[in-house]
Every structure is written in structure tokens, then in C-alpha cells.
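Visitor: Reading the sequence shown from the start, the letters are residues -18 to 481 in the working numbering.
Ideal Cβ positions, reconstructed from N, Cα and C, are used throughout, including at glycine.
As the structure is a computational prediction, the values presented were derived from the model and not from experiment.
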Amino acid sequence: MDRTHRAHRIAFALLRVAVALVATSGAASATTLELTACTLSGGTGIASVEARCGWFERPENPAEPEGRTIQLRVAVIDSLSPNPLPDAFTIINGGPGGSSLDLYADMAATFGAIRRDRVIVILDQRGTGASNPLDCEALEGIELEYSEALVREATAACLAGLSGDPRFYTTSVAVQDLEALRMALEYSALNVYGVSYGTRVAQHYARRHTDAVRTLIIDGVAPPEVPLGPNAALNAQRTLDRLFDRCAEDARCNERFPDLENKLATLDQRLSNEGPAVEIAHPITGERTELELRRDHLLVTLRLLSYVPETARLIPLIIDEAVAENYVPLATNALRIERQLVGALRFGMHNAVICTEDIPFLGPLDRDALEATYIGSEQAESLITICENWPRGLMDADLREPLTVAVPTLVLSGEEDPITPPDYGTMAEAALPVSLHLVGRGQGHGVVGRGCVPRLLTEFVDSADLDTLDTACMDRLSHAPFFLNLMGTVPAQATQGVSP
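1) Identify, in the order they occur along the chain, each residue of the same chain with its Cβ nearer than 7 angstroms to the Cβ of residue 256, setting aside the five sequence neighbours on each side.
2) Note the first and the last residue of the continuous beta strand (DSSP E) segment covering residue 81.
3) Across which residues does DSSP place residue 53 in a beta bridge pair?
4) The beta strand (DSSP E) that contains residue 309, what's its start and end?
5) Could I get the ranges of all uninterrupted alpha helix (DSSP H) runs contained in the stretch 341 to 408, with 4 residues as the minimum, in chain order?
6) Alpha carbon to alpha carbon, how far is residue 347 from residue 307? Give it in angstroms, no decimals.
7) Can you check whether the CB of residue 178 is closer than 8 angstroms to the CB of residue 23?
8) Could you say if the stretch 276 to 290 and the stretch 244 to 252 meet the contact criterion of at least three C-beta pairs nearer than 8 angstroms?
9) Who does residue 200 pair with in a DSSP beta bridge?
10) Considering only their Cβ atoms, is the gap separating residue 204 from residue 408 smaller than 8 angstroms?
11) Would you kindly work out how many angstroms separate the C-alpha atoms of residue 187 and residue 331, rounded to a whole number?
12) Tell me which same chain residues have a C-beta within less than 6 angstroms of the C-beta of residue 42, skipping the five on either side of it?
13) Please specify which runs of the alpha helix (DSSP H), each continuous and at least 4 residues long, are wholly inside the stretch 96 to 134, giving them in chain order.
14) For residue 100, tell me which candidate among 33, 154, 110 has the shortest Cα-Cα distance.
15) Do residue 414 and residue 387 count as a contact pair if the criterion is CB distance below 8 angstroms?
16) Could you check what DSSP says for residue 223 in three-state terms: helix, strand or coil?
17) Closest to residue 339 by C-alpha separation, out of 85, 151, 435, 93, would be which residue?
18) When the Cα of residue 36 is compared with those of 14, 18, 267, 439, which residue comes out closest?
19) Give me the Cα-Cα distance between residue 68 and residue 169, rounded to the nearest whole angstrom.
20) Output needed for residue 461: all residues of its chain with C-beta closer than 6 angstroms, excluding positions within five of it in sequence on either side, in chain order.
21) Which value, in whole angstroms, describes the spacing of the CA atoms of residue 112 and residue 240?
22) When you compare each of 93, 39, 141 to residue 60 by their alpha carbons, which one comes out closest?
23) Between the Cα of residue 392 and the Cα atoms of 184, 144, 260, 314, which residue gives the shortest distance?
24) Considering only the beta carbon of each residue, do residue 143 and residue 110 sit closer than 8 angstroms?
25) Any contact of the stretch 450 to 467 with the stretch 428 to 438, i.e. 3+ C-beta pairs under 8 angstroms?
26) Taking buried to mean at least 16 other C-beta atoms within 10 Å of its own C-beta, is residue 363 buried or exposed?
27) So, at 7 angstroms on beta carbons, what are the nonlocal neighbours of residue 193 in its own chain, with the 5 sequence-adjacent residues on each side left out?
28) Spatial neighbours of residue 370 within its chain, please: CB distance less than 8 angstroms, with the 5 preceding and 5 following residues excluded, ordered by chain position.
29) Compute the beta-carbon to beta-carbon distance between residue 217 and residue 287, rounded to the nearest angstrom, for a pair I have assumed lies under 8 angstroms.
30) At which residues does the beta strand (DSSP E) containing residue 329 begin and terminate?
31) Exposed or buried, what is residue 20 when buried is set at 16 or more other beta-carbons lying within 10 Å of its beta-carbon?
32) Considering only the beta carbon of each residue, do residue 244 and residue 301 sit closer than 8 angstroms?
33) Could you tell me which of 80, 173, 202 sits nearest to residue 191, measuring between CA atoms?
34) With distance defined between alpha-carbon atoms, name the residue in 358, 344, 343 nearest to residue 350.
35) Report the three-state DSSP secondary structure of residue 156 (helix, strand or coil).
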């Protein structure tokens, strides 16, 4: 089994599915936080952002402040103003398991205008990035032949190799770290942006430290009351069905790619057996690479391409070409996604969150509904197996309750989000007394960088007033036109709005 397939296997199984009341430790660390010049390189290694970085010492177990400590990575991006406002801006990445520092570096331009008057401060959540990362190399080595016994064996090896006690790497502990950092840096309040699982952290921080939150932006909302896990397959199927429907309603796409559902079923069956070996130039390194295509490559490619409109529009072409036995587009995208996923998430931290805050609250699986999706039930079953012997961590008793605090909150959703659909944003808005829900037409998971949303975000943080936002520009967002051949697309009336 080659490493490429093993990486896809675990990435597909774990990626983004996303009790005692612990005493809150709000005291700032006694250790002085020293910041020195640094460069943030981002998850791709291409971005380059100058900042000041430091290490924030925190007790691993919040109930034992004199016990073992861990070092959390902090970055401060200074304001362009010589007299910045006393409230700072922060961002929280998703996963669970993603680095917030990497996310900022990759999307610095989106948040650039925030720096005119405010400092941006970013904390890599414990267990992610460089903050005592909880990796799981044993789970990344799971072989093709899935079995519960194999998953249990890999999970035991993962637990034995962790660099920390996973019971203390949950959302409830993470919000204590963020508040301690705010106090240590003496900010009057925070303007908090969270995406995907990061919206759970952002919402719980606002619940626990309401007076410390000036504005809240939650993008691709994970409602506290909805467990992450099995719904991932159902939501992904919803997005794929809508994409197939759009193709059928588009005269050019329907003429070029008729009967996509049956073509996908044919391809799925073919790759479930002995798939073809494809030799291509690796899309990242350029090296000649041979990949034995399997069903997992198809599933993870469909799912991850559907996250943003620019890649979702490739899906009909990739299916059609593969059915015609041209596997190069599928293999190329599978290898590109594999390279992006490996190292992007810390699966030990991911499991610490999922096995404490989600899987215990699933109830019986609706296997019939899951098997009706292109992903199937194996993803959910893998997570359940992993969590059987994973230690339950610290979780506040109210973590899973809807957020009802009167903090001005901008709720963002993508119409075609395959993991956190707009219904989730509607649930959050219904509970929040001061909120506005914006849905990006044709958009996927995370819309903060789309069209005019960066401007709206900046205006909201500046004013903390939802009523003054002119959101008419959101109407200019749309689906990206489908690729009709390997050279691209043809001119079409509907294009994605990018007006500022």
C-alpha cells in the first residue's frame, strides 16, 4: 500500500466530519509573554506575513495550575495606526485540528483592512499548529482493508504516542486559554472570527466571557446543539445533488454531461473493485507518480472539490472523463488534495474534541440514510470505533446549548456548503438576539473571503452595528460556470461576483 493512498484513507475518515462543569480559570499567566519578530508562512508554505510571535505558558490541566505546563504559540500582527484601539481582532480555525496562524497567513489580505485601527492577535489552539500538537501517525498509517480491529489497534497506538493528555484539549479548555491571553496582553475586548469548528470555539468563548466580546463573526456555523460526524455524509450528498441539478438545468452542461448520477454510480462500482494504476506528473512536485485509484480517492476528491465553487465546477468533467477511462483529472486532483491534507490537521486534537463533544451524543445511526449517500456509513462508523476507547475530556455542561448572548453577531453561510449548510446558520441566528445571517449564493464552506464580504466584515468590526451594513452586494455572488472541457469553460451569463 503506497503512502498516498494511506493518507487519503485517514484524511477521508477523519477530516471535518467537527460531563463535569470545569472551574473557569480566568487569571492571566504569571509568565511574561515576550514577543519577537517572526514570519508566518501559512499552510501552503507560500504565504509570508510578518508578525511578532511568542510562547504562552498554560497549565495542561486547568485544575492543576502548578502541574505540567504547555507552550501555546501566539502571533501579534501590529496595527497600522500608531494609536490602535484597545480591542483586538482574533481568528479561530476549524477542523477540529487546524492551525489559526496558518489560516491567517493564507488569508491575510481578507483581514488586511482590520489592521487600520486594530491589532490582530492569533492563538494556535492547544493541540494544533505549534501549540503542543497532538499528532496521530498510527492512524495516518491505516491500510486499505478497513476493519474495526485495525482502527482500534491504530487508535491505541495513537493514544500511546500523544504528547499530552487528550482530556485537556477540548473546546471548554481552549476558551480559557484565549481569555487568559486577552488578559495577559491587556486588550479591553476581542472581535472574534471563527470558521467551521472554530465557530463552536467562538460561540463558547462568547458564552463564557460575554463582556470580553465586542463583535462575533461565525462563518460556516457548527451549531452547539448539532453533533459533528454522521451529518457530514448527508450534507455532502445535498451539495452534490444540487450540483447535478444545476448541471441538468444548464443547457450547455446538460448537453455535455448527461446522466451524471448514473455515470457516478458506474465509476463508483468500477473503483470499488480493482482500480486502474495511473501514472502522471505530480501536480505539486512535477515528479512522475503512479497512483492506484480506489473508491476512497473518488470520494475524498468529490467532497473536497465541493468546498469552493472554483473547484466544484470541475466535478461533472472529472466524472465524465473517468467514466471514459481518462483518469488523469481524477488522479491529479486526488494527489493535490492529499498533499494539502497531510499535516493540515492534528488528528489527536481532532479526536479529543470529537470523542468528547460529538460522538457521545449521536444516538443510533440512521445507516439507511447514510448508505444512500455517496460517502456511505463507514466514515461515521470509523469515528465511533475511534471514540470507543478514547478518554472523554473536560466539557462545560452548557457547551451544547444554543448561544443566546446579546453580542452583535454576523452569521455567514455558503449556499452550497457541503459540511455546514445554511440551515445551521439559520439555527444560530434564531437563538441570537442581535444577529444578521448572510448567505453567499453559489458559495461553499467559509465565505469570509468572497466578493464583498471582507468589506462587510471590516465595516461591522469598525461599527459593531449590524443595521448600518449595506448587504446588497451579496446579490452579486453566484455559482461559477461549469468546466465543459479540459481547457475550461465557455462564456456564460452567470459568473461569480467579485465586486468590492
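Guide: Based on what the coordinates show:
1) Locating residue 256 in the sequence shown gives position 275, where the first residue counts as 1. Cβ within range, chain order: 273, 274, 275.
2) Looking up residue 81 in the sequence shown gives position 100. In the DSSP assignment, residue 81 falls outside any beta strand (DSSP E) and within the unbroken alpha helix (DSSP H) covering 81 to 87.
3) As a position in the sequence shown, residue 53 is number 72, starting the count at 1. Answer is 37, bridged to residue 53.
4) Residue 309 sits at position 328 when you count from the first residue of the sequence shown. Annotation for residue 309: no beta strand (DSSP E) segment contains it, though the alpha helix (DSSP H) segment containing it runs 309 to 322.
5) The stretch 341 to 408 is shown to contain whole alpha helix (DSSP H) runs of 4 or more residues at 348 to 352, 359 to 369, in chain order.
6) Here residue 307 refers to the residue found at position 326 when the sequence shown is read from its first residue. Here residue 347 refers to the residue found at position 366 when the sequence shown is read from its first residue. In this model, residue 307 and residue 347 are separated by some 36 angstroms (Cα to Cα).
7) Indexing the sequence shown from 1 puts residue 23 at position 42. Indexing the sequence shown from 1 puts residue 178 at position 197. Not closer than 8 angstroms, so no.
8) Look at the beta carbons and you see the stretch 276 to 290 touching the stretch 244 to 252: at least three pairs across the two are nearer than 8 angstroms.
9) In the sequence shown, the residue the question calls residue 200 occupies position 219. Residue pairing by DSSP places residue 200 opposite 176, 393 in a beta bridge.
10) Sequence index remark: in the sequence shown, residue 408 carries index 427 (1-based). Sequence index remark: in the sequence shown, residue 204 carries index 223 (1-based). Yes, these two residues count as a Cβ contact at 8 angstroms.
11) Locating residue 187 in the sequence shown gives position 206, where the first residue counts as 1. Locating residue 331 in the sequence shown gives position 350, where the first residue counts as 1. Near 22 angstroms, if we compare the C-alpha coordinates of residue 331 and residue 187.
12) The count along the sequence shown starts at 1 and reaches residue 42 at position 61. Cβ contact annotation for residue 42 (same chain, cutoff 6 angstroms, sequence separation greater than five): 48, 149, in chain order.
13) Runs of the alpha helix (DSSP H) inside the stretch 96 to 134: 118 to 121.
14) Here residue 100 is taken as the residue at index 119 of the sequence shown, counted from 1. Nearest option by C-alpha distance: 33.
15) One-based indexing of the sequence shown puts residue 387 at position 406. One-based indexing of the sequence shown puts residue 414 at position 433. In this structure, residue 387 sits near residue 414, with a CB-CB distance shorter than 8 angstroms.
16) To locate residue 223, count along the sequence shown from 1; it is residue 242. If DSSP states are grouped into helix, strand and coil, residue 223 belongs with the helices.
17) The sequence position of residue 339 within the sequence shown is 358, counting from 1. The candidate whose alpha carbon is nearest that of residue 339 is 151.
18) Walking along the sequence shown from the start, residue 36 turns up at place 55. Distances from the alpha-carbon of residue 36 to those of 14, 18, 267, 439 put 14 closest.
19) Indexing the sequence shown from 1 puts residue 68 at position 87. Indexing the sequence shown from 1 puts residue 169 at position 188. Approximately 5 angstroms between the Cα atoms of the pair.
20) Walking along the sequence shown from the start, residue 461 turns up at place 480. The residues are 290, 291, 294, 477.
21) For the purposes of this step, residue 112 is taken as the residue at position 131 of the sequence shown. For the purposes of this step, residue 240 is taken as the residue at position 259 of the sequence shown. Taking the straight line joining both Cα atoms gives about 48 angstroms.
22) Taking the sequence shown and counting its residues from 1, the one referred to as residue 60 is at position 79. Closest by alpha carbon: 93.
23) What you label residue 392 is simply residue 411 of the sequence shown in a count that begins at 1. Cα-wise, what sits closest to residue 392 is 184.
24) By one-based count along the sequence shown, residue 143 stands at place 162. By one-based count along the sequence shown, residue 110 stands at place 129. For residue 143 and residue 110, no; Cβs fall outside 8 angstroms.
25) Contact check between the stretch 450 to 467 and the stretch 428 to 438: three or more CB pairs, one atom from each, fall below 8 angstroms, which counts as touching.
26) Taking the sequence shown and counting its residues from 1, one reaches residue 363 at position 382. Around the CB of residue 363, 16 or more other CB atoms lie within 10 Å, so the residue is classed as buried.
27) Walking along the sequence shown from the start, residue 193 turns up at place 212. Excluding positions up to five away in sequence, the list reads 160, 163, 170, 171.
28) Translated into the one-based positions of the sequence shown, residue 370 becomes position 389. Taken in chain order, the residues that qualify are 133, 136, 137, 140.
29) The residue labelled residue 217 in the question sits at position 236 within the sequence shown. The residue labelled residue 287 in the question sits at position 306 within the sequence shown. About 7 angstroms separates the CB atoms of residue 217 and residue 287; that is less than 8 angstroms, so the two are in contact.
30) Looking up residue 329 in the sequence shown gives position 348. Residue 329 -> not in any beta strand (DSSP E); alpha helix (DSSP H) instead, spanning 328 to 338.
31) As a first step, residue 20 must be located in the sequence shown, where it is residue number 39. Residue 20 is exposed by the Cβ-count criterion.
32) Walking along the sequence shown from the start, residue 244 turns up at place 263. Walking along the sequence shown from the start, residue 301 turns up at place 320. Yes, these two residues count as a Cβ contact at 8 angstroms.
33) On the sequence shown, position 210 is the one that residue 191 refers to. Checking every option, the nearest Cα to that of residue 191 belongs to 173.
34) Position 369 of the sequence shown, counted from the start, is the residue given in the question as residue 350. Distance check between residue 350 and each of 358, 344, 343 places 358 closest, using alpha-carbon atoms only.
35) For the purposes of this step, residue 156 is taken as residue 175 along the sequence shown, with counting starting at 1. Residue 156: helix per DSSP, three-state reduction.
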